[in-house]
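As C-alpha cells, the structure follows; a few thoughts come after it.
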Amino acid sequence: VISTICPKTSNPPFCSSVLKSAGTTNIKGLAVYTLNLAHTNAKKSLTLANSLAKSTINPQLKQRYSSCAESYDEVVGDIENAKRTWPLETLILSIL
C-alpha cells in the first residue's frame, strides 16, 4: 500500500518514512495513523506559536506568531472536523 501511495506525493521518501512508522500496512490503519499524526503535530505547533506570541515583546514578531497561531488553530479545527464527520472510506479514496 505504501508503495502505491507515496510515489504520488510531493515527497515520496518522507511519505514512506512516516507511513512505515505507523506499524501497519492496512490502508484504514494508515489513514487513521496519518490523520492522528497530523492532528498531534498541528496542536503542538499551535501551542508553540501561542507561547511565542505571548512571550515576545517585539510587536512585529507578536503579530507574526499570532497570525501563525490563527492558521494552526484553523488546521486543528479542520482535522477535528475530518475525524468527526468524514467516513473513513472517503478519506481512503481521496488518498488513492
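The letter at position 8 of the sequence shown is residue 8 when you use the UniProt record's numbering, and the numbering goes up by one with no holes.
Using N, Cα and C, we set each Cβ at its ideal position, and we do this for glycine too.
Every value quoted in this text rests on a predicted model; they were computed, and no experiment measured them.
Thinking C-alpha only, which one of the options is nearest residue i?
i	options	result
Cys-15	Gly-23, Thr-25, Ile-2	Ile-2
Asp-78	Pro-12, His-39, Ile-5	His-39
Mapping the DSSP letters down to three states, classify residue i as helix, strand or coil.
i	result
Pro-59	helix
Pro-87	coil
What separation, rounded to the nearest whole angstrom, lies between the Cα atoms of residue i and residue j?
i	j	result
Lys-28	Ala-42	21 Å
Lys-83	Lys-54	30 Å
Lys-62	Pro-12	35 Å
Ser-66	Leu-30	32 Å
Ser-45	Pro-59	20 Å
Lys-8	Ile-57	44 Å
Is any beta-carbon of chain C found at less than 7 Å from that of residue i?
i	result
Glu-70	No chain C is present in this structure, which holds just one protein chain.
- Which parts of the UniProt domain "Pectinesterase inhibitor" (2–82) are runs of the alpha helix (DSSP H), unbroken and 4 residues or longer, counting only runs that do not cross its ends? 2–5, 12–20, 27–55
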